[in-house]
Amino acid sequence: MKRLVVMVLCGVLAFSMAGCGGKGDDTQKGSQSEIQSENTENNTQPEKEDTQPEGNDTQPGGNEDQTGGDALSLMTTIWNNFPEDNKFPCFGGNQNENAVEGAAGKFDISDTNGMTNLLLIPEEIQGNVDDAATLIHMMNLNTFTGAVLHLTDGSTADAADKIKDKVCNNHFVCGAPTKIAVLTSGDYVMYVFGADDLVDSFANVAKEKIEGATVVYHEPIG
1259 MKRLVVMVLC
1269 GVLAFSMAGC
1279 GGKGDDTQKG
1289 SQSEIQSENT
1299 ENNTQPEKED
1309 TQPEGNDTQP
1319 GGNEDQTGGD
1329 ALSLMTTIWN
1339 NFPEDNKFPC
1349 FGGNQNENAV
1359 EGAAGKFDIS
1369 DTNGMTNLLL
1379 IPEEIQGNVD
1389 DAATLIHMMN
1399 LNTFTGAVLH
1409 LTDGSTADAA
1419 DKIKDKVCNN
1429 HFVCGAPTKI
1439 AVLTSGDYVM
1449 YVFGADDLVD
1459 SFANVAKEKI
1469 EGATVVYHEP
1479 IG
């Protein structure tokens, strides 16, 4: 899994170049064909994780409302209740040894490079994040990149605005995401950018299953 996520990271290095997020202009590395090519060149295949990282042993089951807990439990609730026909190959956590295949994973917030370039979290709010979880498309980051953040100062409205602006003004390389959704619940911000149907599923499930979830943004990018 470590080799897999390192290769995925190579597709993200150009991820956070500044630019105007217009339709057809924003693209991002990490397309399926590029990552498949890298896997072939390095003669590696994703390794199945037998265990979850710390915190996954308390995942809520499917079809349960989540009323508290941490970032990982919220993201896990969303993924567990995703429509089956919209599920996709994914990994969670950081792009290193704590990555989890096929599930949400706890994100190590000391990885500021990943927060900036992978999750597109503005640097000015990173210091207020003390807990995070991710769920990312295995083969194409722009198809689905989602995160749940807990903010120590409760400034979720400001964080939602800044995240939306960061994503929508990002210059992507090789296939741009087409929609973004940002929701808040208590001191948490939940957001995703990617393909229309997957972003819609994320927003709809979060509204239904996360107590107090409020949609701040749910709109096309560009």
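According to the working numbering, the sequence shown is numbered sequentially starting from 1259.
Quick reminder that beta carbons are idealized off the backbone N, C-alpha and C, glycines included.
Check whether residue i and residue j have beta carbons under 8 Å apart
{"i": "I1336", "j": "V1474", "result": "no"}
{"i": "G1454", "j": "K1465", "result": "According to the sequence shown, residue 1454 is Asp rather than Gly. Contact: no."}
{"i": "T1392", "j": "L1377", "result": "yes"}
{"i": "L1553", "j": "T1401", "result": "Since the first residue shown for the chain is 1259 and the last is 1480, residue 1553 is missing from the structure and cannot be characterised."}
{"i": "V1447", "j": "L1399", "result": "no"}
{"i": "D1366", "j": "N1356", "result": "yes"}
{"i": "T1403", "j": "G1452", "result": "yes"}
Cβ neighbour criterion (16 or more within 10 Å) applied to residue i
{"i": "S1415", "result": "In the sequence as displayed, the identity of residue 1415 is Ala instead of Ser. Looking at its Cβ environment, which holds fewer than 16 other Cβ atoms inside 10 Å, A1415 is exposed."}
{"i": "K1424", "result": "buried"}
{"i": "P1435", "result": "buried"}
{"i": "G1470", "result": "exposed"}
{"i": "S1331", "result": "buried"}
{"i": "T1370", "result": "exposed"}
{"i": "G1433", "result": "buried"}
{"i": "G1385", "result": "exposed"}
{"i": "K1422", "result": "buried"}
{"i": "S1368", "result": "exposed"}
{"i": "E1381", "result": "exposed"}
Beta-carbon separation (whole angstroms), residue i vs residue j, contact threshold 8 Å
{"i": "C1348", "j": "I1394", "result": "6 Å"}
{"i": "A1461", "j": "A1439", "result": "4 Å"}
{"i": "N1344", "j": "K1467", "result": "Between K1467 and N1344 the Cβ distance is about 15 Å, and since that is not below 8 Å, they are no contact."}
Own chain residues within Cβ distance below 7 Å of residue i, not counting five before or after
{"i": "G1412", "result": "D1445"}
Where residue i sits in the DSSP three-state scheme
{"i": "C1432", "result": "coil"}
{"i": "F1346", "result": "coil"}
{"i": "I1367", "result": "coil"}
{"i": "D1423", "result": "helix"}
{"i": "F1340", "result": "coil"}
{"i": "F1460", "result": "helix"}
{"i": "T1442", "result": "strand"}
{"i": "E1355", "result": "coil"}
Same chain only: Cβ atoms within 6 Å of residue i, ignoring 5 sequence neighbours per side
{"i": "D1328", "result": "D1389"}
{"i": "H1476", "result": "A1439, A1461"}
Cut-off 8 Å between Cβ atoms - residues of its own chain near residue i, not counting five sequence neighbours on either side
{"i": "F1346", "result": "H1395, M1396, T1401, F1402, L1456"}
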